[in-house]
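A.B. asks: Have a look at this one before I ask anything.
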Amino acid sequence: MNDNASIGSGFAAATQPITEHTVIRTDTEGLAVGTIRLTVDGQEFPVYYARPAGQDKLPVMIVVSEIFGVHEHIADVVRRFAKQGYLAVAPELFVRQGDPSTLPDMATIMAQIIRKVPDAQVMGDIDACVAWAEANGGDVDRLGINGFCWGGRITWLYAAHNPRVTAAVAWYGKLVADPNPPGQPHHPIDIAPTLTVPVLGLYGARDTGIPVATVERMTAALGEGTSDSAIVVYPDAGHAFYADYRPSYNAKDARDGFARALAWFREHGAG
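This is the structure we're talking about:
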């Protein structure tokens, strides 16, 4: 099913202010793109996908959005991975709680939607995406997951949830929280010592919402385990430095981060 109109409908409204001239546009030449709909526990949700046209046995990449859902920037990231040879998918994970594009600001999105999204629900929806990919030309022995902000936190947790994940990259995902919202019992710092999947964390030293001290705590906790995970901190980057539609975008560090991500997935067998 191809339903591109459902992707990005609230993009500008949910993410103002945006910086139009920094937006990267990835074309669909050589790609098959569209939206499929999966159902978990009676709830249907859309999943945007892109893949090299006519190819099979592709490595699989799950792309997990920020709090704004699967708007055009996230769809573009899916296409970026598809251009690298992946069957890439981005599920809309908030459909049970609401539509972020209808809300006026980040604080309202957090209060009315994000804090009400149970981690178990998210894990189940991503599991369904992996199963769909496996049934539709994806090689889940080469399974990667890449997430931003809220999706960065989910990336850490999904790597712990699903041992089939080959490698993961978490961009500026929150590592600790106090208190934990209902339905969100664990955070990356909790699972770090027992993590087995190699995760690359990409963080900004100027991120006021994720203090460097918490990144250092996470690094120490990872050192207690055996996952071969690593964290890179960019001295001049703040939060959302990869988000090329926002003023926070740092082109230099974004390019370096994406190059590191691709190399990480290749190095660990997910490319």
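In this text, residue positions in the sequence shown follow full-length UniProt numbering: the first is 1, and each later residue adds one.
Cβ atoms here follow ideal geometry from the backbone N, Cα and C, with glycine treated the same way.
(1) On the three-state DSSP scale, how would you describe Leu157?
(2) Mind checking which residues open and close the alpha helix (DSSP H) that includes Leu103?
(3) Quick check on DSSP: helix, strand or coil for Pro193?
(4) What is the DSSP secondary structure of Ile114, reduced to helix, strand or coil?
(5) With a 10 Å radius around its C-beta and 16 neighbouring C-beta atoms as the bar for buried, classify Ala159 as buried or exposed.
(6) Distance, Cα to Cα, Pro185 vs Asp139?
(7) Just to check my reading of the structure: Leu31 and Ala50 have Cβ atoms closer than 8 Å, yes? What is that Cβ distance to the nearest angstrom?
(8) Helix, strand or coil for Pro52? Go by DSSP, reduced to three states.
(9) Helix, strand or coil for Gln184? Go by DSSP, reduced to three states.
(10) Whole angstroms are fine: how far does the CA of Ser248 sit from the CA of residue 280?
(11) Would you mind giving the Cβ-Cβ distance between Ala261 and Leu200, rounded to the nearest angstrom? I have them listed as a contact below 8 Å.
(12) Just to confirm my understanding: we take Ala53, look at its own chain, exclude 5 residues before and 5 after, and list those with CB closer than 7 Å. What are they?
(13) Decide yes or no for the touch test of the stretch 52 to 70 against the stretch 217 to 233: beta carbon pairs closer than 8 Å, at least 3 of them.
C.D. replies: On the basis of the supplied data:
(1) helix
(2) No alpha helix (DSSP H) contains Leu103, which DSSP labels as neither H nor E.
(3) helix
(4) helix
(5) buried
(6) 31 Å
(7) 5 Å
(8) strand
(9) coil
(10) The requested residue 280 does not occur in the structure, where the chain is confined to residues 1 to 271.
(11) 7 Å
(12) Gly30, Leu31 and Ala32
(13) no
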